[in-house]
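According to numbering that gives the first Met the number 0, numbering within the sequence shown proceeds without interruption in unit steps and concludes at 323.
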Amino acid sequence: MTTFNALTPPRLCVVVPCYNEQEVLSESAKRLTAVLEGIVEAGLVHDKSHALFVDDGSRDDTWSLIEQTTRESRRAQGLKLSRNRGHQNAVFAGLMEGEGDIFISIDADLQDDVSVIGKMVRKYIENGTDIVYGVRADRSSDSRFKRLTAEGYYRILSLMGVEAVFNHADFRLMSARAVRALGSYREVHLFLRGLVPLIGFKTATVEYNRSERFAGESKYPLRKMLSLAWEGITSFSARPLRMIFVAGAAVSFLSFIAAAFAVVASLTGTTIAGWASLMVMVAFLGGIQLLSIGLIGEYIAKIYIEIKDRPRYFVDIKTGGEEV
0 MTTFNALTPP RLCVVVPCYN EQEVLSESAK RLTAVLEGIV EAGLVHDKSH
50 ALFVDDGSRD DTWSLIEQTT RESRRAQGLK LSRNRGHQNA VFAGLMEGEG
100 DIFISIDADL QDDVSVIGKM VRKYIENGTD IVYGVRADRS SDSRFKRLTA
150 EGYYRILSLM GVEAVFNHAD FRLMSARAVR ALGSYREVHL FLRGLVPLIG
200 FKTATVEYNR SERFAGESKY PLRKMLSLAW EGITSFSARP LRMIFVAGAA
250 VSFLSFIAAA FAVVASLTGT TIAGWASLMV MVAFLGGIQL LSIGLIGEYI
300 AKIYIEIKDR PRYFVDIKTG GEEV
């Protein structure tokens, strides 16, 4: 179990993945450093606690602003990846490259409530909790479409046998040993919302209200959201493959019934022209087969990429910390 020594409060590293966040980065850094100052003064965390801004190959002035922030504040450090590797890899890189006793991941868009950071730290200190999930109290800030699809997706994950915390994204606290355990997972296709619950250490939740973006546009449009959703299902569940088997068995059973009916009808001389029904059946079976082949191909493609065991990311530049 994680232990806490009151004489040496834990060093906190807040990991902030950033991709084209120039409109919001200055305000995000300002609020995060203010929160860090507050919990340092309260004695909850070590004086060397800081925020680590991870630039995921941004094409705007995000990295320049991160460098400026690290020069102006000792509470800020920067990590620049060599190219865009995606949100999940950016979070993972920050956790692996950061230094601390506890880590909190939070997006730069200020939709997650930064004031909850103190509550997460208290959960860790008071309960010896290795993982504290930030869970949305409600989805009133979402559109009706997004609310229905998001909640429906979590239910689908559950039906598929994927462990995921309902209404939790990537706002969470992890102890150093939980981060080390996470680092032992070797898959290239990262879906942290599914990986972290597999660690199995002591967990807790903290509820918060999610806000609208402070500025700029969402870096997760519908296409990326669907891609992440599909990643979560195919990376953690073989149930879709089993569903293909069940569907194939059901169709085969119906085909045998149809064949028996056709033989009986032929012997009794009651056969009739059935071009339309025949075409419907052929189209249906063809669609099932193509869908099944595509799904199997998706899993094979994942295996093909995973066995290459390529690095998830490369660090280009690090700034801030002891060198400032």
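Glycine included, each C-beta is placed from N, C-alpha and C at the ideal position. The structure presented is a predicted model; accordingly, all values stated were derived computationally and were not measured.
{"Check": "Where does the unbroken alpha helix (DSSP H) through T68 begin, and where does it stop?", "Outcome": "T61 to E71"}
{"Check": "Spatial neighbours of E96 within its chain, please: C-beta separation below 7 angstroms, excluding the five flanking residues on both sides.", "Outcome": "L78 and V314"}
{"Check": "For a test of the three-state rule: what should DSSP assign to D315, helix, strand or coil?", "Outcome": "strand"}
{"Check": "Measure the alpha-carbon distance for V90 versus I256 and round it to whole angstroms.", "Outcome": "54 angstroms"}
{"Check": "Determine the contact status of A41 and V13, defining contact as a CB-CB distance below 7 angstroms.", "Outcome": "no"}
{"Check": "Can you give me the C-alpha to C-alpha distance between G99 and L147, rounded to a whole angstrom?", "Outcome": "38 angstroms"}
{"Check": "With respect to the beta strand (DSSP E) encompassing E206, which residues constitute its N-terminal and C-terminal limits?", "Outcome": "T202 to Y207"}
{"Check": "Where do the N-terminal and C-terminal ends of the alpha helix (DSSP H) with A50 fall, by residue?", "Outcome": "No alpha helix (DSSP H) holds A50; the beta strand (DSSP E) holding it covers H49 to D54."}
{"Check": "Look up H86 in the DSSP assignment and give the residues it is bridged to.", "Outcome": "Looking at the DSSP assignment, H86 forms no beta bridge with any residue, so it has no partner."}
{"Check": "Do S104 and R171 have their CB atoms nearer than 7 angstroms?", "Outcome": "yes"}
{"Check": "Just list the residues that DSSP pairs Q76 with in beta bridges.", "Outcome": "L51 and G319"}
{"Check": "Apart from the five residues just before and just after I316, which ones in its own chain have a Cβ nearer than 7 angstroms to its Cβ?", "Outcome": "K79"}
{"Check": "Three-state secondary structure (DSSP) at R10?", "Outcome": "coil"}
{"Check": "Checking 7 angstroms against the spacing of the C-beta atoms, do V178 and L94 come in under that value?", "Outcome": "yes"}
{"Check": "Sorted by chain position, which residues of the same chain lie with C-beta nearer than 8 angstroms to S81's C-beta, five sequence neighbours on each side aside?", "Outcome": "G56, Y312, F313, V314 and D315"}
{"Check": "Would you mind stating whether P16 and V44 have Cβ atoms separated by less than 7 angstroms?", "Outcome": "no"}
{"Check": "Report the residue ranges of all beta strand (DSSP E) runs contained in full by the region 169 to 202; include only those spanning at least 3 residues, in chain order.", "Outcome": "none"}
{"Check": "Look up G133 in the DSSP assignment and say whether it is helix, strand or coil.", "Outcome": "strand"}
{"Check": "Under DSSP, the alpha helix (DSSP H) around S25 begins and ends at which residues?", "Outcome": "L24 to E40"}
{"Check": "Count the other CB atoms within 10 Å of the CB of K307; is the residue buried (16 or more) or exposed (fewer)?", "Outcome": "exposed"}
{"Check": "Identify which residue in S72, G320, L158 and R176 has its Cα closest to the Cα of S201.", "Outcome": "What sits at residue 201 in the sequence shown is Lys, not Ser. K201 has its Cα closest to that of R176, out of S72, G320, L158 and R176."}
{"Check": "In this structure, how does DSSP classify S104 when only helix, strand and coil are distinguished?", "Outcome": "strand"}
{"Check": "Should Q76 be labelled buried (16 or more other beta-carbon atoms within 10 Å of its own) or exposed?", "Outcome": "buried"}
{"Check": "Straight-line CA distance for Y152 to P196?", "Outcome": "17 angstroms"}
{"Check": "Could you say which of V250, G285, A33 and E206 lies nearest to K122 if we only look at CA atoms?", "Outcome": "E206"}
{"Check": "Drop a sphere of 10 angstroms on the beta-carbon of Y184, count the other beta-carbons inside from all chains shown, and report buried for 16 or more, exposed for fewer.", "Outcome": "exposed"}
{"Check": "What's the C-alpha gap between K29 and R70?", "Outcome": "13 angstroms"}
{"Check": "Any idea which residues DSSP pairs V120 with across the strands?", "Outcome": "According to DSSP, V120 bridges with nothing at all."}
{"Check": "Whole angstroms is fine: what's the gap from R329's alpha carbon to L109's?", "Outcome": "No information on residue 329 is available, as it lies outside the stretch 0 to 323 that the chain covers here."}
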